[in-house]
Amino acid sequence: MEKADVKNKWENSSWGRKLVVQKRRAALNDFDRFKLMLAKIKAFRLRRFLIRDGGKKREFDAAKKPSWMMPISHGHHVIEDQSFRGGSDDSDSNSIVVQREQIEELELWFFGVFDARIGDGVTKYLQSHLFDRKTKESQIRRKSKETMKKAYLGARAKVKETQRSDDETWRVGSASVMVINGEKLVIANMGDYRAVVCRDGVARQVGSKHQLTAKRHWTRRLFSVRILAWNSIKAAGNKHSKSSELVVGAERINPDTEFVIIASAGIWEVMKNQEAVNLIKHMEDPQEAAECLAKEALNRMTRSNISCVIIRFD
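If you read the sequence shown in our numbering, its first letter stands for residue 18, the second for the next number, and so on.
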């Protein structure tokens, strides 16, 4: 019998047919597995490409999307003319400024409580040097603190020019806060006006001038009552000598940052920083908080005009 006949007879047998089918299936499975492996490799490479491209897209979108996500609410209250209480002879009223600007992808808030003589000069300088639509976002972030300082110094100098050299009534006070993208605070305090930040229930004032002054006065009190009395008389006589000192600082807005109080001398001459914070820290409505703070100062017989702004970070 020829070999071909034997092979055909063997393949036609039931056992032979099964073996041939198994071999064909094995060969087919190997080919399918190879194809599947190639498909997986292609899918893996495609996935990596899409992830990398998508990551770049997300980075681009993140760069384009404003980073401020923290809602900002605010309220203000003003009580003027304390003359019926025998208050200050200063007849100048206060002005409150609340302004929002959108520059490129940056949100900018500006809040201020000003002596009326200086407020207009400060806001006009900031408008032309910082809020102008031509100003780039990077410039605002970099120059906001220095620009704020120049605005105050320039406005103060103009007020001084209009007064006699021996006239102390030109002294002015004001406080303002710039909120940049819900991430950064730029704060300016001049004179007896003040901005106080509440962080986790604790009052914090930019600069330590007031705190150091209080410590020095406390030390003198330990030494001699006479020295304290003399210092009080001297301070009363030179009431305006330091009333236009300017302090400008910047702070980050953290999760612990709850709110900011910006207020005139009418608040701070009858309340300490922590007292003011404790009075309103439980109030979620900034308008209610501003009214409460102003009325409390009035009840404490303050002798100066009362103006305050509350900025709350929700």
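Think of the CB as a built atom: it goes at the ideal place given N, C-alpha and C, for glycine as much as any other residue.
### Spatial neighbours of Pro303 in its chain, beta-carbon cut-off 6 Å, leaving aside the 5 residues before and after
For this step, residue 303 is matched to residue 286 along the sequence shown. Only Ser90, His91, Gly92, Ile327, Arg329 meet the Cβ criterion.
### Message
Closest to Gly3 by C-alpha separation, out of Gly190, Val264, Gly218, would be which residue?
### Response
Since the displayed the chain opens at 18 and closes at 331, residue 3 lies outside it and no answer follows.
### Message
Please identify the residue among Asp273, Met165, Gly138 whose C-alpha is closest to the C-alpha of Asp217.
### Response
Start at 1 with the first residue of the sequence shown, and residue 217 comes out as number 200. When each option's Cα is compared against that of Asp217, the closest is Asp273.
### Query
So who's on the other strand from Met195, going by DSSP bridges?
Within the sequence shown, the letter at position 178 stands for residue 195. Phe127, Val203, per the DSSP bridge assignment.
### Task
Would you kindly report the start and end of the unbroken beta strand (DSSP E) that includes Val294?
One-based indexing of the sequence shown puts residue 294 at position 277. Per DSSP, Val294 belongs to no beta strand (DSSP E); it is in the alpha helix (DSSP H), 290–297.
### Query
Hey, Asp161 and Val219: beta-carbon distance below 8 Å or not?
Along the sequence shown, read from residue 1 onward, the residue named residue 161 stands at position 144. Along the sequence shown, read from residue 1 onward, the residue named residue 219 stands at position 202. A small fix is needed here, since residue 161 is Ser in this sequence, not Asp. Contact flag unset, no.
### Task
With DSSP as the reference, please indicate the residues paired to Ala212 in a beta bridge.
Within the sequence shown, the letter at position 195 stands for residue 212. Beta-bridge pairing links Ala212 to Ile279.
### Task
Please state if the CB of Val114 and the CB of Thr152 are separated by a distance shorter than 8 Å.
Locating residue 152 in the sequence shown gives position 135, where the first residue counts as 1. Locating residue 114 in the sequence shown gives position 97, where the first residue counts as 1. Not closer than 8 Å, so no.
### Task
Report yes if the CB atom of Gln279 is closer than 8 Å to the CB atom of Val130, and no otherwise.
Position 262 of the sequence shown, counted from the first residue, corresponds to residue 279. Position 113 of the sequence shown, counted from the first residue, corresponds to residue 130. It is Ile, not Gln, that sits at residue 279 in the sequence shown. Yes, Cβ-Cβ distance for Ile279 and Val130 is below 8 Å.
### Query
Buried or exposed: His299, going by 16 or more other Cβ atoms within 10 Å of its Cβ?
Along the sequence shown, one-based indexing puts residue 299 at 282. That one is exposed.
#### Entry: Beta-carbon gap between Gly138 and Gly171 smaller than 8 Å
Along the sequence shown, read from residue 1 onward, the residue named residue 138 stands at position 121. Along the sequence shown, read from residue 1 onward, the residue named residue 171 stands at position 154. Yes, Cβ-Cβ distance for Gly138 and Gly171 is below 8 Å.
### Message
According to DSSP, is Glu118 part of a helix, a strand, or is it coil?
### Response
Start at 1 with the first residue of the sequence shown, and residue 118 comes out as number 101. Three-state DSSP puts Glu118 in a strand.
#### Entry: Expected contact under 8 Å - CB spacing of Met165 and Val265 to nearest Å
As a working mapping, residue 165 is identified with position 148 in the sequence shown. As a working mapping, residue 265 is identified with position 248 in the sequence shown. Correct: roughly 6 Å between the Cβ atoms.
### Query
Who are the near neighbours of Gln116 in its chain, counting only those whose CB is closer than 6 Å to its CB and skipping five residues on each side?
One-based indexing of the sequence shown puts residue 116 at position 99. If we look at Gln116 and ignore the five residues flanking it on each side, its Cβ neighbours are Phe127.
### Message
Contact defined as beta carbons within less than 8 Å: I believe Val277 pairs with Val213. What is the distance between those atoms, to the nearest angstrom?
### Response
On the sequence shown, position 260 is the one that residue 277 refers to. On the sequence shown, position 196 is the one that residue 213 refers to. Rounded to whole angstroms, the Cβ separation of Val277 and Val213 is 7 Å, and the two are in contact under 8 Å.
### Message
By DSSP's criteria, Asn111 is part of a beta bridge. Which residues make up the other side?
### Response
What you label residue 111 is simply residue 94 of the sequence shown in a count that begins at 1. According to DSSP, Asn111 bridges with Asp132.
### Task
Compute the Euclidean distance between the alpha carbons of Arg322 and Ala168, then round it to the nearest angstrom.
The residue you call residue 322 lines up with position 305 of the sequence shown. The residue you call residue 168 lines up with position 151 of the sequence shown. Strictly speaking, residue 322 in this sequence is Asn, with Arg absent from that position. Looking at the two C-alpha atoms, the distance is approximately 24 Å.
### Query
So is Thr319 buried or exposed if we call it buried at 16+ other beta carbons inside 10 Å?
Here the question's residue 319 lines up with position 302 in the sequence shown. The residue is buried, with at least 16 neighbouring Cβ atoms inside 10 Å.
### Query
Any idea what DSSP makes of Lys190, helix, strand or coil?
For the purposes of this step, residue 190 is identified with residue 173 of the sequence shown, where counting begins at 1. The sequence given here places Gly at residue 190; Lys does not occur at that position. The answer is coil: DSSP assigns Gly190 none of H, G, I, E or B.
### Task
Would you grab the beta carbon distance between Val176 and Arg211 for me? Rounded to a whole angstrom, and I think it's under 8 Å.
Here residue 176 is taken as the residue at index 159 of the sequence shown, counted from 1. Here residue 211 is taken as the residue at index 194 of the sequence shown, counted from 1. Taking a contact as a CB-CB distance under 8 Å, the pair Val176 and Arg211 does not count as one, their CB atoms being some 19 Å apart.
### Task
Can you have a look at Ser324 and say buried or exposed, based on whether 16 or more other CB atoms are within 10 angstroms of its CB?
Your numbering for residue 324 matches position 307 in the sequence shown. Looking at its Cβ environment, which holds 16 or more other Cβ atoms inside 10 Å, Ser324 is buried.
### Query
Do the CB positions of Ala307 and His94 come within less than 8 Å of each other?
In the sequence shown, residue 307 corresponds to position 290, counting from 1. In the sequence shown, residue 94 corresponds to position 77, counting from 1. Contact: yes.
### Task
For Asp132, count neighbouring C-beta atoms within 10 Å of its own C-beta (all shown protein chains included) and say buried if the count is 16 or more, exposed if not.
Counting from 1 along the sequence shown, the entry for residue 132 is found at position 115. Classification for Asp132: buried.
### Message
By the three-class DSSP mapping on this structure, what secondary structure does Glu268 have?
### Response
Numbered from its first residue, the sequence shown carries residue 268 at position 251. If DSSP states are grouped into helix, strand and coil, Glu268 belongs with the strands.
### Message
Is the separation between the beta-carbon of Ala192 and that of Ala205 shorter than 8 Å?
### Response
Taking the sequence shown and counting its residues from 1, one reaches residue 192 at position 175. Taking the sequence shown and counting its residues from 1, one reaches residue 205 at position 188. Yes, the Cβ-Cβ distance between Ala192 and Ala205 is below 8 Å.
#### Entry: Of the listed residues Gln291, Glu305, Leu147, Leu310, nearest to Ser281 (C-alpha basis)
For this step, residue 281 is matched to residue 264 along the sequence shown. Closest by alpha carbon: Leu310.
### Message
What does the alpha-carbon distance come out to for the pair Leu143 and Arg62?
### Response
Locating residue 143 in the sequence shown gives position 126, counting from the first residue. Locating residue 62 in the sequence shown gives position 45, counting from the first residue. Using only the alpha carbons, I get a separation of about 53 Å.
### Query
What residue from Asn111, Leu147, Asn290 has the CA that sits closest to Glu118's CA?
Along the sequence shown, one-based indexing puts residue 118 at 101. Ranking the options by Cα distance to Glu118, first place goes to Leu147.
### Task
Count the other CB atoms, across all protein chains shown, that sit within 10 Å of the CB of Ala293; report buried if there are 16 or more and exposed otherwise.
Taking the first residue of the sequence shown as 1, we reach residue 293 at position 276. Looking at its Cβ environment, which holds 16 or more other Cβ atoms inside 10 Å, Ala293 is buried.
### Message
Within the continuous beta strand (DSSP E) that includes Arg329, where are the two ends?
### Response
The residue given as residue 329 occupies position 312 in the sequence shown. It spans 323–330 - the beta strand (DSSP E) in which Arg329 sits, taken as one unbroken run.
#### Entry: Where the alpha helix (DSSP H) containing Val176 begins and where it ends
Position 159 of the sequence shown, counting from 1, holds the residue named residue 176. Taken as a continuous stretch (DSSP letters only), the alpha helix (DSSP H) holding Val176 covers 154–178.
### Task
From the DSSP output, in three-state form, read off Val287 for me.
Walking along the sequence shown from the start, residue 287 turns up at place 270. In this structure, Val287 counts as coil in the three-state DSSP scheme.
### Query
Helix, strand or coil: which one does DSSP assign to Leu263?
As a first step, residue 263 is located in the sequence shown; it is residue number 246 there, counting from the start. Secondary structure at Leu263: strand, using DSSP grouped into helix, strand and coil.
### Task
Starting from Glu305, trace the alpha helix (DSSP H) both ways and give me its first and last residue.
One-based indexing of the sequence shown puts residue 305 at position 288. It spans 303–316 - the alpha helix (DSSP H) in which Glu305 sits, taken as one unbroken run.
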